[in-house]
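Asks:
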Amino acid sequence: MRFEIILSGFGGQGVLFAGNLLALAGMYRGYQVSFLPVYGPEMRGGTCHCTVVISDKDIASPLVKEPGYLIILNLPSFLKFIPRLKKGGVALVNEDLVKRDEIENYEELTHHKRVIYVPFSSLAEEAGAPLALNLCALGAFNGLLKLFSEDVFVRALKEMLGKSKAHLFEANFRAYLKGIEAINKV
Amino acid sequence: MRFEIILSGFGGQGVLFAGNLLALAGMYRGYQVSFLPVYGPEMRGGTCHCTVVISDKDIASPLVKEPGYLIILNLPSFLKFIPRLKKGGVALVNEDLVKRDEIENYEELTHHKRVIYVPFSSLAEEAGAPLALNLCALGAFNGLLKLFSEDVFVRALKEMLGKSKAHLFEANFRAYLKGIEAINKV
Amino acid sequence: MKIKILEDRCKGCGLCIEFCPKKILALSDKRNLLGYKIVCWKSPENCNHCGICYLMCPEVVFVEDGEIER
Amino acid sequence: MKIKILEDRCKGCGLCIEFCPKKILALSDKRNLLGYKIVCWKSPENCNHCGICYLMCPEVVFVEDGEIER
Amino acid sequence: MPEVFKLPKSLKKNIFHYCPGCHHSIVHRLLCEVIDELNLRDRAVGLASIGCACFLYFYIDVDIVEAPHGRSCSVATGMKRARPELVVFTYQGDGDFAAIGLGDSLHAASRGESITALMINNTVYGMTGGQLSPTTVLQQKTTTTPLGRDPKREGFPLKMAEVLSNFEGVAFCARTAVNTPKRVIETKKLLKKAFLAQLENRGFSYLEILSTCPVNWKMDALSATKHVDKLIEIFPLGVFKDTFGGNSEI
Amino acid sequence: MPEVFKLPKSLKKNIFHYCPGCHHSIVHRLLCEVIDELNLRDRAVGLASIGCACFLYFYIDVDIVEAPHGRSCSVATGMKRARPELVVFTYQGDGDFAAIGLGDSLHAASRGESITALMINNTVYGMTGGQLSPTTVLQQKTTTTPLGRDPKREGFPLKMAEVLSNFEGVAFCARTAVNTPKRVIETKKLLKKAFLAQLENRGFSYLEILSTCPVNWKMDALSATKHVDKLIEIFPLGVFKDTFGGNSEI
Amino acid sequence: MKDKRILVKGVEAIAFGALEGGCNCYFGYPITPQNEIPELMSVELPKRGGVFLQAESETSAINMVLGASAVGARVMTSSSSPGISLMSEGFSYLIALELPCVIVNVMRGGPGLGGIEASQGDYFQAVKAPGHGDGKFLVFAPYSCDEAYELTAKAFELADKYRNPVMILSDAILGQMKEPLTLKPLKIKRIKKDDWILNGAKDRPARVIKSLFLDSAELAERNRKLKKKYQMMEKEIRYEKIFEGNEDIIVVSFGSMARLCKEAVLNLREKGYPVGFFRPITLYPFPRFTLFKLAEASQRKKRFMVFELNCGQMVEDVASSICGRGDTYSVFYPPSILPFPEDIEKEIKKCLKYSNSPKV
Amino acid sequence: MKDKRILVKGVEAIAFGALEGGCNCYFGYPITPQNEIPELMSVELPKRGGVFLQAESETSAINMVLGASAVGARVMTSSSSPGISLMSEGFSYLIALELPCVIVNVMRGGPGLGGIEASQGDYFQAVKAPGHGDGKFLVFAPYSCDEAYELTAKAFELADKYRNPVMILSDAILGQMKEPLTLKPLKIKRIKKDDWILNGAKDRPARVIKSLFLDSAELAERNRKLKKKYQMMEKEIRYEKIFEGNEDIIVVSFGSMARLCKEAVLNLREKGYPVGFFRPITLYPFPRFTLFKLAEASQRKKRFMVFELNCGQMVEDVASSICGRGDTYSVFYPPSILPFPEDIEKEIKKCLKYSNSPKV
Ligand SMILES: Cc1ncc(C[n+]2csc(CCOP(=O)(O)OP(=O)(O)O)c2C)c(N)n1
Ligand SMILES: Cc1ncc(C[n+]2csc(CCOP(=O)(O)OP(=O)(O)O)c2C)c(N)n1
Ligand code: SF4
Ligand code: SF4
Ligand code: SF4
Ligand code: SF4
Ligand code: SF4
Ligand code: SF4
Ligand SMILES: [Mg+2]
Ligand SMILES: [Mg+2]
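Protein chains in written order, with my numbering: chain A, 5 to 190; chain B, 5 to 190; chain C, 455 to 524; chain D, 455 to 524; chain E, 437 to 686; chain F, 437 to 686; chain G, 11 to 370; chain H, 11 to 370.
(1) At least one CB of chain B closer than 9 Å to the CB of glycine 520 of chain D: is that the case?
(2) Check the Cβ-Cβ distances between glycine 489 of chain D and every residue of chain B, and say whether any is below 9 Å.
(3) Please identify, using Cβ separations under 7 Å, the residues of the segment 42 to 67 of chain H that lie next to chain F, in order along the chain.
(4) Near leucine 476 of chain E, what residues of its chain come up, given a Cβ to Cβ distance below 6 Å and the 5 sequence neighbours on each side ignored?
(5) In chain E, which residues lie less than 8 Å from glutamate 644 of chain F when you measure between Cβ atoms?
(6) Check this for me: beta carbons of threonine 572 of chain F and threonine 578 of chain F, under 9 Å apart or not?
(7) Hey, would you say serine 88 of chain H sits closer than 9 Å to glycine 120 of chain H, going by beta carbons?
(8) Alpha carbon to alpha carbon, how far is lysine 188 of chain H from cysteine 52 of chain B?
(9) Let me confirm a value: lysine 57 of chain G is counted as buried when at least 16 other C-beta atoms fall within 10 Å, else exposed. Which label applies?
(10) Would the beta-carbon of isoleucine 506 of chain C be found less than 8 Å away from any heavy atom of ligand 4?
(11) Below 8 Å on the Cβ atoms is my guess for threonine 623 of chain E versus threonine 616 of chain E; work out the distance and round it to an integer in Å.
(12) From the DSSP output, in three-state form, read off threonine 292 of chain G for me.
(13) Using DSSP with H/G/I as helix, E/B as strand and the rest coil, what is threonine 623 of chain F?
(14) Identify the contact partners of leucine 74 of chain B in chain H, using a Cβ-Cβ distance below 8 Å as the criterion.
(15) Tell me whether valine 560 of chain F counts as near ligand 10, meaning its Cβ is closer than 8 Å to at least one heavy atom of that ligand.
(16) Quick one: what's got a C-beta closer than 6 Å to proline 134 of chain A's C-beta in the same chain, skipping five residues either side?
(17) Just how far apart, CA to CA, sit methionine 47 of chain B and glycine 15 of chain B?
(18) Mind checking who glutamine 36 of chain A pairs with in its DSSP beta bridge?
(19) Is the segment 260 to 271 of chain H touching the segment 229 to 236 of chain H in the sense that three or more CB pairs, one from each, lie closer than 8 Å?
(20) With distances taken from CA atoms, which of B/Gly72, B/Pro41, B/Glu112 and B/Val158 is nearest arginine 178 of chain B?
(21) Please determine whether the Cβ atom of proline 650 of chain E lies at a distance below 8 Å from any heavy atom of ligand 7.
(22) Look up isoleucine 120 of chain A in the DSSP assignment and say whether it is helix, strand or coil.
(23) Give the DSSP-derived three-state secondary structure of glycine 468 of chain D in the structure shown.
(24) Are the beta-carbon atoms belonging to glycine 124 of chain H and proline 349 of chain H less than 9 Å from one another?
(25) Which residue's Cα is closest to the Cα of serine 550 of chain F: F/Ala512, F/Glu669 and F/Ala534?
(26) Under a three-way DSSP split, which group does lysine 19 of chain H fall into?
(27) Would the segment 160 to 169 of chain B and the segment 484 to 493 of chain C be scored as touching if the rule is three or more Cβ pairs under 8 Å?
(28) In the structure shown, what three-state DSSP assignment does histidine 115 of chain A receive?
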């Protein structure tokens, strides 16, 4: 068992937080994990992405050429990573910022790939946590794959938030649940 | 034909000047020459020495293990370099500062070596150029070996003194002649 | 002179809104390609062309219409 | 107290000679092992032990008799 | 009143990479305006220093070379000495100019190199993620002073304009800010003076510009801009040395 | 009146390697006297900097480490931070402290490191044969300014005591000379103060001592010693900053 | 699960390792991609009574290290390529003065400012010439968080043992990726230094720590002593190998690149390809002899494929180790173009196909 | 005798060579044993309308060089080992920015402050890692005043030709000894640089000289470009050899050490000993192929004795060049213990006597 996920979005969309959280939850669940963010000035502006691998075996390389999963929060990310998605792979895409009709050769890009649209931004706003669209996306992801239980996720989320941001737990968790809810409807 | 000379004395005794001058005269005479001074902080205090090679063939190495000639201006230099003098080699020694009886195992040190004492300091003072004991020593050396003519030597000395010290020519040259004179008497 | 807003450049920092003496600028809900909510006019007719928005905008968003856009 | 001149150390710089208020120091013709002409007394009896020679000598040549010599 | 609503000719059209509310780009624009107004493009060479503004060349349309971190004043010295007809300016952060580059900066100033040095003082290392800078103010929290700058441990903020004003080689030296419209206008005047000092070969000219770093100050753009007023209490604005005479109007 | 005609305990008996008339060794002796009188030998660590005095350890009988050229204040910082109970002093030439080491020196001062820095200012690089130093005075000929220092080319002499006095981290800062008996006595007092500042943890303490370099000045020992009076016209003696209060008697 | 398992970046693993190794002083200057080290140290060291100080430059940082080491601290600094270059003079002095310390280089792509992605471009600098003169570091190249933690801790012991700087040579992939780290207590020896450190000449003769030897014989003596020390360090040589004796190809690689290569090699071996794997963990001293033996292991001439994230550096050490007993191939990826394990597999297969011509 | 013959130190020969090569800017910082270079330049350059400036440190000197080079000057600096270390970061930038310049290192004995006598301890630093990243210098090692003059002059042309720094690697013996120099005019090409230097964007688009490439592909591209350039530089390889094909032993040595060795070899050959001599003049690119050919020249396995004034550095390049086709012996003299030609003769004779066991 080996999951390879690339998460990508704008700088402010919490992509690295989500990737880290995902890896942490994976570790708590008992898997081997790796999390590789981009860093440095590249973080400033433009797209920001990270790679997460979750596996039941040792992970030699944290690099992934053709991920099986994508979590895409904006349009540039879609254009950048969809071509790398494995045949038969799944992309969870932020419907609010990625409009199918703005994309040339959409068909070609997504050939043999499963693209699931979820309006992460709107859902997060609905959940009263407009900044937590990343959590919403994680909800959708785990709702789809059921990699770890709610307990494990809660533990990981609390660890990630730490003391200084503990007050954000509720809002974040609500967004997470929204994501699960939404994916279950798809 | 190859002459290997080490000149040695105190910092202020003009040893490097003399060595350089010797090499320059050699070059003017048409020989291959090399001149290797000590330099840097070693120059400050203690003994100061340099190595001159004059040859009619290319000089590969400016280093000399066992020189055939020594020009020794003070006691520490005597003690340091006499052991390296080639068997059968000649040392021109400043009688004013190197007293035979202050030297332990003198005999052993000078075995099979020719030591010529000349009172360079006093002679220089006599010549009215107390600082030119180095020139006096060169006089003795060239008086002994007759490597180059007076013309060549004068040209070299003038070159070495340059414009700024041209006024010192007379005194220096007198000391040189004193040296020749003295050696001729030995 | 007509002032044009180069929406692509705006980063929604709000400096123009704050310093506009006429208080006629606001953040819209629209996002540009960089993902930022962008500035918009509340009441352009009240603009006195004082130039303060231009002076303070770090992104050179406000330009005279006709200046070359990227 | 007797002042001793550590001849080995002297470099003949002349500072003591210059600053001695009694002008009782001079350079001798003698040279030490380093090759320097060394300082000597002209009239030690006139010394007032003011200590200026000690203060100014860069080589710590003037010491009380009995200080360890090298 | 500067010419507003016109893109300066020497400003490239690229979108700045700076964070929202960062004042670096305000200074960029002013710099371009001054380059245009003094007609310098033909003979200006800029130094892109290491820091958030290391991409200067994406925005300013003059010849530009990248200098190693802190070395801009030395690189500029080499250029100006080799080609005195060029107009050479550096664009440096507080970390670049005053931390690693302090020696280079002060020696160039002391030699009176005829170059123009700009220091954008945002009191942190922006580029590397908000660490302590020599200009970090007391009590300010940074990623390497988690409890705030403590003078017992990290010493006192370095006031470069004040330090430089005591150097004989310095011809012009001032500190300004761009956090209000008035100061933006004033800054442009001072920038122009800094270049004029070079054009007249008076010696080293220096302009320090207080700036923001909303991200690393953990503030929104607006609060950061307001916060500059607090900095001014510690780093007073003004002309510290001016061989043009105190009140000269440009 | 100091105790004269006694070899200080912490002075080793080696003959100095300095040229005749060089004031380095006068300062060495005074330093030893102060170390003895303040009883510092047990906890002093000295920095031998690169320059004519790099053999400090041949003469001063305390723990000594050699610092790379110009880095003494940084090395001292590392020592003092790691072991605050030590008394740490640097012994640096003008080239070491103010040329290559300017950044290290000023940052240590600005941080208010509790160390004592001595700068022996002979206005040239003695060790390497008499090249230009930042403190070389105008018109002075050196081996790299054969026509004399020209402010247009080499800038102005750096006045370190003046510069340092403006740094908040500096607790004590003075300039002195040892070219007359009175000044020798005064220098010892100031040296003591510089160490007391450290012992009381007041911050960075600095003493600049004008010195001679007869060989490279191309003067005899006596003229060089007199010539220091000329230097004093450019580098005035005095206490520039003193947290003990201006007139404290030691 | 008595040892704590946490998810950390490689650079954090290094910092934790340092704390475990007894590090009590840190001096450094920010530079990507290793800022998490000073940031973590600025929180942790003061808590433990240690010293954290951000220097004004890498040059001063390394000289603060020098000072702290001379008075007996377990001290460290960390930086990345350009910052490491600025420390060269200091490195040479530390070696010459025989002062222990730990230096971390999380390499970025050069030359110049380059880029901040993964690179192994400083291999030569680390193993051949950390500074001027003949000085050497002991160099460790970890390839996982657990190893980074352990080697860094151990580095402090070995630095003290040999009175020589030890370098942890890492790169941005290992540095910036997160993976689980087991925070287990390690047995790191404290080594007595009272016989040489400078702590005031109380009841003993004053000590001098110096590198200037104007006397030829003394200087030569010091150099011979250092050389002997480096030979002693060969005891610390570490490597990992996957090799049974009959493989045609041996893939040689270190650090993060070795992770990628290892995955490729394991995949190929599973599919039955005769491919071995060799990973030097100490880059200096280099496991020359082991490589030589590997080359001689069977009659068949072997091919050594050296994969590096640079323009070909370690390949020279591999070539000179095997002394013509095998052929050496350099497969290099200049900084910033990262291969995926699949790409590496392809390269190896290509090499298996083609003939035996040596390429160095 | 139309060319002027003067008696000069090696460092002066270098300075005269620089002037002949068109050097018009010098920035540097004093350090023994090369102070005669800045001293001479401070007199000569202003006379010729050039620029001489003493920097406040080696770090700033190399950055002034960078600036002057970027605006088109023929610029040079000189220093000695510790000062060279301080320039490492600048070196790496110069290479990355493709800025031509000439750098002189008159080596002294390290590590640390070391001593100021002759040494070749910076060989590795010069040829393997002048700075971080993969950058390289073209490195010349003259062994006489005439050669120092010619190579330094030529260095300016080649620096411009390749847009890469060129280093003159010398040592204190050659640097400080005087011998006759023939001041002959050389044909040094001036290379047009108008197409890349920064001189104000008049009637052309603005230019950027940078080394930061955040885009992976661009950075890799730049690195490949540089690597190709280094391969092109192989055209400049120079060496001296005394070899007829059947010698048992080949003595390999560079710089001053090669003078001593050459005297020894010539003496031995006169006496009929089968000893050859090889002197790389370009240390980078290293004359690998020539050495390899030498090793293969006859059936008999040859012994390569590598004499160096360090703890053994170039010997690694010799070993990896000959790829096991011969045996390599390292005869090293740590800085400051200088052998005399007689000692070298003895070493060679010893080696002639003993059996053929490889020692690297
Ligand atoms: C030699 C070296 N050390 C460190 C760095 C990393 N670095 C890049 S920018 C920077 C500091 C930036 O701060 P500042 O100069 O204040 O500019 P800002 O980003 O705040 O505008 C540092 C330390 C580097 N590139 N090179
Ligand atoms: C990195 C480095 N650069 C240069 C030198 C050469 N050097 C030795 S001492 C010195 C300057 C000495 O001048 P100063 O500090 O004024 O001391 P002084 O000899 O005048 O007392 C220099 C440049 C060196 N040893 N190391
Ligand atoms: S020009 Fe003045 S009034 Fe008009 S929008 Fe801008 S700031 Fe407001
Ligand atoms: S100041 Fe500029 S960037 Fe900021 S909100 Fe206004 S238009 Fe947008
Ligand atoms: S001051 Fe000292 S060194 Fe100078 S002459 Fe007098 S005793 Fe001798
Ligand atoms: S103690 Fe005073 S009077 Fe006596 S010799 Fe010394 S300086 Fe002269
Ligand atoms: S990090 Fe700070 S200085 Fe850098 S761009 Fe962002 S706000 Fe500006
Ligand atoms: S060179 Fe100058 S500073 Fe050095 S010992 Fe001689 S006189 Fe003193
Ligand atoms: Mg800043
Ligand atoms: Mg000095």
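Beta carbons are placed, not taken as given, at the ideal position from N, Cα and C, and that holds for glycine.
Bear in mind the structure is a predicted one, so any value in this text is a computation, not a measurement.
Replies: Well, looking at it:
(1) Numbered from its first residue, the fourth sequence carries residue 520 of chain D at position 66. No, no contact with chain B.
(2) Numbered from its first residue, the fourth sequence carries residue 489 of chain D at position 35. It does; some Cβ of chain B falls within 9 Å.
(3) Thr42, Asn45, Pro48, Glu49, Ser52, Val53, Gln64, Glu66 and Ser67
(4) To locate residue 476 of chain E, count along the fifth sequence from 1; it is residue 40. Excluding residues within five positions, the ones whose Cβ falls inside 6 Å are Val523.
(5) Taking the sixth sequence and counting its residues from 1, one reaches residue 644 of chain F at position 208. Under the 8 Å cutoff, chain E gives no residues; its nearest Cβ is about 16 Å from glutamate 644 of chain F.
(6) Position 136 of the sixth sequence holds residue 572 of chain F. Position 142 of the sixth sequence holds residue 578 of chain F. Against a cut-off of 9 Å, the Cβ pair of threonine 578 of chain F and threonine 572 of chain F comes out as a contact.
(7) Within the eighth sequence, residue 88 of chain H is the residue found at index 78, counting from 1. Within the eighth sequence, residue 120 of chain H is the residue found at index 110, counting from 1. No.
(8) Here residue 188 of chain H refers to the residue found at position 178 when the eighth sequence is read from its first residue. Here residue 52 of chain B refers to the residue found at position 48 when the second sequence is read from its first residue. When rounded, the distance between both Cα atoms is 16 Å.
(9) Position 47 of the seventh sequence holds residue 57 of chain G. Lysine 57 of chain G should be labelled exposed.
(10) Here residue 506 of chain C refers to the residue found at position 52 of the third sequence. Incorrect: isoleucine 506 of chain C has no Cβ contact closer than 8 Å to ligand 4.
(11) The residue given as residue 623 of chain E occupies position 187 in the fifth sequence. The residue given as residue 616 of chain E occupies position 180 in the fifth sequence. Threonine 623 of chain E to threonine 616 of chain E, Cβ: 10 Å. No contact.
(12) By 1-based counting over the seventh sequence, the position of residue 292 of chain G is 282. Looking at threonine 292 of chain G - three-state DSSP - the assignment turns out to be strand.
(13) Here the question's residue 623 of chain F lines up with position 187 in the sixth sequence. If DSSP states are grouped into helix, strand and coil, threonine 623 of chain F belongs with the helices.
(14) Position 70 of the second sequence holds residue 74 of chain B. Under the 8 Å cutoff, chain H gives no residues; its nearest Cβ is about 16 Å from leucine 74 of chain B.
(15) Numbered from its first residue, the sixth sequence carries residue 560 of chain F at position 124. Within the cutoff, so yes.
(16) As a first step, residue 134 of chain A is located in the first sequence; it is residue number 130 there, counting from the start. Correct list, in chain order: Ala128.
(17) Within the second sequence, residue 47 of chain B is the residue found at index 43, counting from 1. Within the second sequence, residue 15 of chain B is the residue found at index 11, counting from 1. For methionine 47 of chain B, the predicted structure reports a pLDDT of 47, less than 50, and the residue's modelled location is therefore unreliable. A value from the coordinates is still provided. Going by the C-alpha atoms only, they are around 6 Å apart.
(18) For this step, residue 36 of chain A is matched to residue 32 along the first sequence. Note: glutamine 36 of chain A sits in a beta bridge opposite A/Ser59.
(19) no
(20) Translated into the one-based positions of the second sequence, residue 178 of chain B becomes position 174. When each option's Cα is compared against that of arginine 178 of chain B, the closest is B/Val158.
(21) Here residue 650 of chain E is taken as the residue at index 214 of the fifth sequence, counted from 1. Proline 650 of chain E Cβ: within cutoff of ligand 7.
(22) Here residue 120 of chain A is taken as the residue at index 116 of the first sequence, counted from 1. Strand.
(23) The sequence position of residue 468 of chain D within the fourth sequence is 14, counting from 1. Coil, per DSSP.
(24) By one-based count along the eighth sequence, residue 124 of chain H stands at place 114. By one-based count along the eighth sequence, residue 349 of chain H stands at place 339. For glycine 124 of chain H and proline 349 of chain H, no; Cβs fall outside 9 Å.
(25) Within the sixth sequence, the letter at position 114 stands for residue 550 of chain F. The shortest Cα separation from serine 550 of chain F among F/Ala512, F/Glu669 and F/Ala534 belongs to F/Ala512.
(26) Counted from its first residue, the eighth sequence places residue 19 of chain H at position 9. Of the three classes helix, strand and coil, the one that applies to lysine 19 of chain H here is strand, per DSSP.
(27) no
(28) Position 111 of the first sequence, counted from the start, is the residue given in the question as residue 115 of chain A. If DSSP states are grouped into helix, strand and coil, histidine 115 of chain A belongs with coil.
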